[in-house]
Structures are given as structure tokens and as C-alpha cells.
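If you read the protein sequences in the order shown, they are chains A and B. The first sequence begins at 7 in this note's numbering and counts up by one. The second sequence begins at 118 in this note's numbering and counts up by one. No residue lacks a Cβ here, since even glycine has one placed at the ideal position from N, Cα and C. Computed from a predicted structure; not experimentally measured. Scroll down for the structure; my scribbles are underneath it.
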Amino acid sequence: DAGVIQSPRHEVTEMGQEVTLRCKPISGHNSLFWYRQTMMRGLELLIYFNNNVPIDDSGMPEDRFSAKMPNASFSTLKIQPSEPRDSAVYFCASRRTGNQPQHFGDGTRLSIL
Amino acid sequence: AQSVTQPDIHITVSEGASLELRCNYSYGATPYLFWYVQSPGQGLQLLLKYFSGDTLVQGIKGFEAEFKRSQSSFNLRKPSVHWSDAAEYFCAVGASDYKLSFGAGTTVTVRA
Chain A
7 DAGVIQSPRH
17 EVTEMGQEVT
27 LRCKPISGHN
37 SLFWYRQTMM
47 RGLELLIYFN
57 NNVPIDDSGM
67 PEDRFSAKMP
77 NASFSTLKIQ
87 PSEPRDSAVY
97 FCASRRTGNQ
107 PQHFGDGTRL
117 SIL
Chain B
118 AQSVTQPDIH
128 ITVSEGASLE
138 LRCNYSYGAT
148 PYLFWYVQSP
158 GQGLQLLLKY
168 FSGDTLVQGI
178 KGFEAEFKRS
188 QSSFNLRKPS
198 VHWSDAAEYF
208 CAVGASDYKL
218 SFGAGTTVTV
228 RA
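Given below as C-alpha cells:
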């Protein structure tokens, strides 16, 4: 089985630009997670979808961040406008419900100049 | 709220030696416990998990972990490390159906 696929792997852009990160979960998984990893704060859950519906977005830092899951095989995390403090590695993870473990993608390393 | 503490930021171990990584959690009931490993530039890979039952859990790559309720610990062990075990290791606790809290991670360096 293919794992969680994230794109792009690296993104470098100037502050103020819109950034879109993409995620394809593992087929058959109905829960999807977006995380942010920084040296200062470690791994933080940003948002959790179940059956394409956002269940918990309490970790989304501010209104500049938005996430969508239009179907079971695709999700986006968008930052608009981006700021240098958004620089981090963003991970997507998916799993089946029923206390199954989360499977992580390889992440998108985002640098905002 | 649940929390996880990994007391050791960095551990250096010789190849072939044993390894133990510490993890302490804070949670009122029996949590769901996980160990993940992250190699540079990659995502987190699940090593093992504990939900219930036998408190000694076997995982992939020769790792095992023991849940000790009295000590609120879930330490990870490997009897003999290989150079490929050099990575960052994260302990995580899940109190709800989905919300995991991750520790800060322990970086393992393996010397020849």
C-alpha cells in the first residue's frame, strides 16, 4: 500500500504569499490529521478530520490558516498570507477509526522568507 | 489534559549496546500509548503501541516497550542497537479517540 503522500516536499516563498500544502491519505483511512513541527514547540495537532468533516480545529493558530477535505482522498492546508513564523515542517497523517495508529507522510518543509 | 515527558534530549550509545528511552505521561485513566521514530527528512513511523492487555509490547525493528501504570511510564528498549537506529524517537499519549500529545523527542546517536 502506498503511504500518506504529501506535496510539495519543500516550499520556499516570500512572506505575504499564499501557500497550499497537499495531502493524499492512505486509501481506506477515514481520519486525517495535519500537524506542525518546530524546534520550539515540537509536534502540534492543527486540525483533525473524520469522514471528510473537520472535527477539531482548535490547534489552527489563526485565521490565516485554513484546511479542507473535499473528498476522502485529498486534503489541503492553506496559509494566506504567510509569515516567517509559519516556517516549519507540516505533516499529514491518516488512520482508520477505532483507535488505530496514525500513519504519517514525509512532511512538507516550509520556509517563509 | 494529558502530557508526555521524555527526560532525555539526547542519548549516545555504542553499536551493539542496549538502549532504553524513557517516557512518562500524565493522564487520569489508562491512555493509549505509542512510540514513533523519525529519521532525518522523513515522517514519523510507528514502532509500537499499547492500548490494553499485556503490558510488554513488541514492536518493529526489535523494539519493545513496557507499560507501568504505577510509574506512569512507557519506556522503550532495544537489546542491541544498530547504526540504523540513529534517529529521533517520540513517545505519544492519546487520551481521546484521536488527540495525541507528543513528547519533545529523544535523539539517539549510535557510535561505532
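In whole angstroms, what is the alpha-carbon distance linking residue i and residue j?
i                 : j                 : result
Met75 of chain A  : Ser135 of chain B : 44 angstroms
Ser117 of chain A : Gly48 of chain A  : 17 angstroms
Ile85 of chain A  : Ser93 of chain A  : 11 angstroms
Ala146 of chain B : Gly220 of chain B : 18 angstroms
Glu137 of chain B : His109 of chain A : 24 angstroms
Gln106 of chain A : Ser100 of chain A : 10 angstroms
Glu181 of chain B : Ser81 of chain A  : 34 angstroms
Tyr96 of chain A  : Ser88 of chain A  : 14 angstroms
Arg15 of chain A  : Gly113 of chain A : 6 angstroms
Asp171 of chain B : Glu183 of chain B : 9 angstroms
Trp152 of chain B : Asn58 of chain A  : 27 angstroms
Pro6 of chain A   : Gly104 of chain A : The displayed coordinates of chain A run from 7 to 119. Any statement about residue 6 of chain A would go beyond what the structure contains.
Leu27 of chain A  : Phe55 of chain A  : 16 angstroms
Val18 of chain A  : Leu119 of chain A : 7 angstroms
Return no unless some Cβ of chain A is closer than 7 angstroms to the Cβ of residue i.
i                 : result
Tyr215 of chain B : yes
Ala118 of chain B : no
Leu164 of chain B : no
Ala229 of chain B : no
Considering only heavy atoms of the ligand SAH, does any lie closer than 6 angstroms to the CB of residue i?
i                : result
Tyr41 of chain A : Annotation note on the ligand SAH: not contained in the displayed structure, which lists no ligands.
Any beta carbon of chain B sitting closer than 7 angstroms to that of residue i?
i                 : result
Asn57 of chain A  : no
Asp112 of chain A : yes
Asn105 of chain A : yes
Phe80 of chain A  : no
Strictly by DSSP, which residues pair up with residue i?
i                 : result
Gly211 of chain B : B:Tyr149, B:Leu217
Cys29 of chain A  : A:Gln12, A:Ser81
Pro60 of chain A  : A:Phe55
Trp40 of chain A  : A:Ile53, A:Cys98
Identify the contact partners of residue i in chain E, using a Cβ-Cβ distance below 7 angstroms as the criterion.
i                 : result
Gly170 of chain B : The question asks about chain E, but that chain is absent: this structure's protein chains are A and B.
Quiz item: Got a sec: which bits of the stretch 177 to 203 of chain B sit with their beta carbon under 9 angstroms from any beta carbon on chain A, in order along the chain?
Solution: In summary, no residue of the stretch 177 to 203 of chain B has a CB separated from any CB of chain A by less than 9 angstroms.
Quiz item: Given a limit of 8 angstroms on CB to CB distance, which residues of the stretch 131 to 161 of chain B reach chain A?
Solution: Per Cβ criterion, the list reads Tyr149, Phe151, Tyr153, Gly158, Gln159, Gly160, Leu161.
Exercise. Pair every Cβ in the stretch 34 to 44 of chain A with every Cβ in the stretch 17 to 25 of chain A, then say whether three or more of these pairs are closer than 8 angstroms.
Key: Between the stretch 34 to 44 of chain A and the stretch 17 to 25 of chain A there are fewer than three inter-stretch CB-CB distances shorter than 8 angstroms, so the stretches are not counted as touching.
Exercise. Can you give me, in chain order, the residues of the stretch 52 to 78 of chain A that have a beta carbon less than 8 angstroms from any beta carbon in chain B?
Key: From the stretch 52 to 78 of chain A, only Tyr54, Asn56, Ile61, Asp62 have a Cβ closer than 8 angstroms to chain B.
Exercise. For the stretch 37 to 50 of chain A, enumerate the residues whose C-beta is nearer than 7 angstroms to any C-beta of chain B, in chain order.
Key: In summary, the residues of the stretch 37 to 50 of chain A whose CB is separated from some CB of chain B by less than 7 angstroms are Ser37, Gly48, Leu49, in the order they occur in the chain.
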